[in-house]
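Residue numbers (my numbering): 14 to 276.
C-beta: ideal position from N, C-alpha, C; glycine also.
The model shown is predicted, which means the values in this text are computed figures rather than measured ones.
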């Protein structure tokens, strides 16, 4: 866990492998407006899931920013955060038990934070004070033979540049997570990925991270340029889907509180 001081004076925390953050991700599809309302109400009424649980976020699909697959659109993505491990009874409850009536669980997975690429401000308390922001969720599929190379690019290039954007307030957070295990996947989903990137962006006029990330890379990486870094990435991964979303539940401030340096 490496606290860094950005130029603005904002203290950032990057969670490293020695301080594991484990995430239970669920891809959900509510088949009716009634089911969607029931899912939203259940999320809002949630309680902490065991002593290792740090928080939870539920996001409703708004629009597709980019897509490279023809899979039907799912309408909710959920992430529940745990320190060190996920209790078995939580897996039973969220994966093996039936979800809200009318809601299909299309995928459940265990995610781990990508080294050097899971960044948020210490004062993080959500984006409710920034109604112009929307959660951006990228689903990426990296070729298995290139996972080590991809992790290095994220750790040493993209992560530091994204940290600068978080410090500047351009992004709310930057959360890069990699799939450690797929617990369930419905055959009807017809989309696969092994990385998820979650961040909060200004939705109006959003065109991706190109210009901002290019400027940050030039300052944080020797001879770094967006085109050079992403030329390597484009050879090793595809982006099955990239969505802009609406926040239903955002109760994840404890992630930042837990990650602060111990005295």
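Beta-carbon proximity list for residue i, same chain, < 7 Å, skipping 5 on both sides
i           : result
residue 155 : 163, 207, 208, 249, 250
residue 276 : Because residue 276 carries a pLDDT of 39, less than 50, the predicted location of this residue cannot be relied on, and the following value inherits that uncertainty. Nothing listed; no residue qualifies.
residue 73  : 88, 89, 258, 259, 261
residue 124 : 36, 38, 190, 191, 192, 193, 209
residue 247 : none
residue 96  : 34, 65, 67, 271
Among the options, nearest to residue i - alpha-carbon criterion
i           : options           : result
residue 90  : 141, 148, 169, 54 : 148
residue 62  : 98, 114, 222, 75  : 98
residue 135 : 127, 187, 144     : 187
residue 35  : 180, 175, 57, 189 : 189
residue 245 : 217, 159, 146, 40 : 159
residue 151 : 224, 110, 181, 76 : 76
residue 40  : 213, 70, 242, 157 : 70
residue 253 : 222, 224, 210     : 210
residue 178 : 144, 106, 45, 215 : 215
residue 176 : 145, 131, 143     : 131
residue 92  : 56, 64, 109       : 56
residue 7   : 100, 59, 182      : Residue coverage of the chain in this structure runs from 14 to 276, which leaves residue 7 outside it and unanswerable.
Residue i to residue j span [Cα, whole Å]
i           : j           : result
residue 19  : residue 268 : For residue 19, the predicted model reports a pLDDT of 43, less than 50, meaning its position is unreliable; a value from the coordinates is still stated below. Distance between the alpha carbons of residue 19 and residue 268: 20 Å.
residue 68  : residue 264 : 5 Å
residue 171 : residue 230 : 7 Å
residue 117 : residue 232 : 45 Å
residue 197 : residue 104 : 11 Å
residue 126 : residue 38  : 12 Å
residue 200 : residue 79  : 22 Å
residue 43  : residue 205 : 20 Å
residue 17  : residue 166 : Its pLDDT being 47, under 50, residue 17 is placed unreliably by the model, and the measurement read from it follows with that caveat. Taking the straight line from one Cα to the other gives about 19 Å.
residue 120 : residue 193 : 13 Å
residue 161 : residue 191 : 12 Å
residue 113 : residue 51  : 7 Å
residue 184 : residue 223 : 13 Å
residue 218 : residue 145 : 11 Å
residue 21  : residue 65  : Low per-residue confidence applies at residue 21: pLDDT is 46, beneath 50, and the placement is therefore not dependable, though the value from the model is reported in the following sentence. Whole-angstrom Cα-Cα distance: 32 Å.
residue 53  : residue 243 : 37 Å
residue 241 : residue 111 : 46 Å
residue 59  : residue 107 : 12 Å
residue 221 : residue 141 : 22 Å
residue 94  : residue 45  : 28 Å
Residues near residue i in its chain [Cβ-Cβ closer than 8 Å; skip 5 each side]
i           : result
residue 203 : 82, 83, 84, 85
residue 47  : 115
residue 266 : 68, 137, 138, 139
residue 234 : 169, 170, 173, 174, 242
residue 153 : 206, 207, 208, 209, 210, 250, 251, 252, 253
Limits of the alpha helix (DSSP H) - the one that residue i falls within
i           : result
residue 230 : 223–233
residue 208 : Careful: residue 208 lies outside any alpha helix (DSSP H), inside the beta strand (DSSP E) at 208–215.
residue 53  : 46–57
Start and end residues, beta strand (DSSP E) containing residue i
i           : result
residue 73  : 66–80
residue 39  : 34–43
residue 264 : 250–264
is_contact[residue i, chain B] using C-beta, thresh 9 Å
i           : result
residue 121 : In the structure shown, chain B cannot be found, because there is only a single protein chain.
Cβ shell of residue i (< 6 Å), same chain only, five flanking positions each side left out
i           : result
residue 195 : 122
residue 100 : 63
residue 102 : none
residue 49  : 43
Any non-hydrogen atom of the ligand HEM closer than 8 Å to residue i Cβ
i           : result
residue 230 : Looking at this structure, you won't find the ligand HEM or any other ligand, since it has none at all.
Taking only runs that begin and end inside the segment 96–149, name each unbroken beta strand (DSSP E) of 3 or more residues, in chain order.
-> 116–134
Segments assigned alpha helix (DSSP H), at least 4 residues, entirely inside the segment 148–204 | Segments of the alpha helix (DSSP H) lying fully in the segment 148–204: 160–166, 172–181.
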